[in-house]
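Residue numbers (the numbering used here): 150 to 245.
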């Protein structure tokens, strides 16, 4: 059996996980070192808890992409022209 090619770093779950992780790091740091504004959130450090939750979800996306990678097919059949779809129209050339 040949090795299957996977999407690897180009898997959308990696991009989502990295983006959520970046926001999670920023919010966690703001929750630890920034103004906590506890009176606005009912005594809860919203930045800290939201940042930690984002880090957990980010780790979940990254783990999911590693455990069940997206397999790229070896060969993809070319798309057959659809007779019901109009072809692109060419722009008329100017006579200049």
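A virtual CB, placed ideally from N, CA and C, is assigned to each residue, including glycine.
First and last residue of the uninterrupted alpha helix (DSSP H) at residue i
i	result
residue 212	195 to 216
residue 166	161 to 182
Cβ shell of residue i (< 6 Å), same chain only, five flanking positions each side left out
i	result
residue 160	214, 219
residue 175	none
residue 180	194, 196, 197, 200
Contacts around residue i, its chain only, beta-carbon distance under 8 Å, and the 5 residues preceding and following it disregarded
i	result
residue 183	196
Counterpart residues of residue i in DSSP-defined beta bridges
i	result
residue 229	DSSP, once it has assigned bridges, lists no residue as partnering residue 229.
residue 155	220
Cutoff 7 Å; reference residue i; Cβ partners in own chain excluding five residues on either side
i	result
residue 156	218, 219, 221
Residue i - DSSP class collapsed to helix/strand/coil
i	result
residue 186	coil
Does the segment 182 to 200 come within contact of the segment 161 to 169, defined as at least 3 CB pairs closer than 8 Å?
Touching, no, given that fewer than three Cβ pairs across the two stretches are closer than 8 Å.
Would you call the segment 197 to 215 and the segment 169 to 183 touching, i.e. three or more CB-CB distances under 8 Å?
In short, these stretches touch, since the Cβ pair count reaches three.
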